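Q: Anchor point for the sequence shown: position 74 equals 80 in the working numbering, and the numbering is continuous, going up by one each time. Mind having a look at this structure? Questions to follow.
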Amino acid sequence: RTPLHLASANGHADVVRYLARKNCQLDVADNFKRTPLMKAVQCQQEECVAILLEHGADPNLADADGNTALHLAVLSGNTTVAGLILEHSASSDAQNQEGYTPLNLAVSKGHEELLECLVKKEADGHASEQCER
7 RTPLHLASAN GHADVVRYLA RKNCQLDVAD NFKRTPLMKA VQCQQEECVA
57 ILLEHGADPN LADADGNTAL HLAVLSGNTT VAGLILEHSA SSDAQNQEGY
107 TPLNLAVSKG HEELLECLVK KEADGHASEQ CER
């Protein structure tokens, strides 16, 4: 893990912003192939997620289990974070190693708001209005 992983996971938005502005490698992976963006999503650090995405972090990279940042947002049930990720060209049809897409996970976890958000994204390609707080 890198300082950016730690700052992202612990919600130190000022440090994340500083490192991103200094052209720190945003998509470096840890031993589980998780990027700082994925750590911020897992720990529900919305501001850090937004900063990383604004500076070009790739939301479509997959971890060792095949989960993307969007899979992780759906698993955590965080509609706001999922919306941020979808606004930055995240693939809503990516499959993890078990064959689940974020949409499948939203259904299986009973996350109705996320399900609506993902269906809206599939229908018209615009998720931001449907996936807000």
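Where a beta carbon is used, it is the ideal one built from N, C-alpha and C, also for glycine. Please read these numbers as outputs of a predicted model, since none were measured by experiment.
What residue from L32, D33, N102 and Q50 has the CA that sits closest to S82's CA?
A: For the residues L32, D33, N102 and Q50, the minimum Cα distance to S82 belongs to Q50.
Q: Taking a contact to mean a Cβ-Cβ separation below 8 Å, would you say L58 touches V22 in this structure?
A: For L58 and V22, yes; Cβs fall inside 8 Å.
Q: Since S95 and C54 are thought to touch, with beta carbons under 8 Å apart, how far apart are those beta carbons, to the nearest angstrom?
A: Wrong, their Cβ atoms sit about 19 Å apart, outside the cutoff.
Q: In or out: S98 buried (at least 16 other Cβ within 10 Å) or exposed?
A: Answer is buried; the Cβ neighbour count reaches 16.
Q: Compute the beta-carbon to beta-carbon distance between G72 and Q101, rounded to the nearest angstrom, for a pair I have assumed lies under 8 Å.
A: Sure, about 7 Å apart at Cβ, within 8 Å.
Q: Taking C-alpha atoms, which residue in G89, H61 and G105 lies nearest to A68?
A: The candidate whose alpha carbon is nearest that of A68 is G105.
Q: Am I right that L90 and L76 are in contact with their C-beta atoms under 8 Å? What's the rounded C-beta distance?
A: That pair is no contact at about 10 Å.
Q: Would you mind reading off the limits of the alpha helix (DSSP H) that contains K45?
A: Unbroken alpha helix (DSSP H) run through K45: P42 to Q48.
Q: DSSP three-state call for S95: helix, strand or coil?
A: S95 falls in the coil class under three-state DSSP.
Q: Could you check how far apart the C-beta atoms of A56 and L43 are, in whole angstroms? I think they sit under 8 Å.
A: Between L43 and A56 the Cβ distance is about 10 Å, and since that is not below 8 Å, they are no contact.
Q: Measuring only the C-alpha atoms, how far is K126 from N66?
A: Rounded to the nearest angstrom, the two C-alpha atoms are 19 Å apart.
Q: Are the beta-carbon atoms belonging to T74 and L120 less than 8 Å from one another?
A: No, they are not a contact pair.
Q: Quick one: using the 10 Å Cβ neighbour count with 16 as the cut-off for buried, is V80 buried or exposed?
A: So V80 counts as buried.
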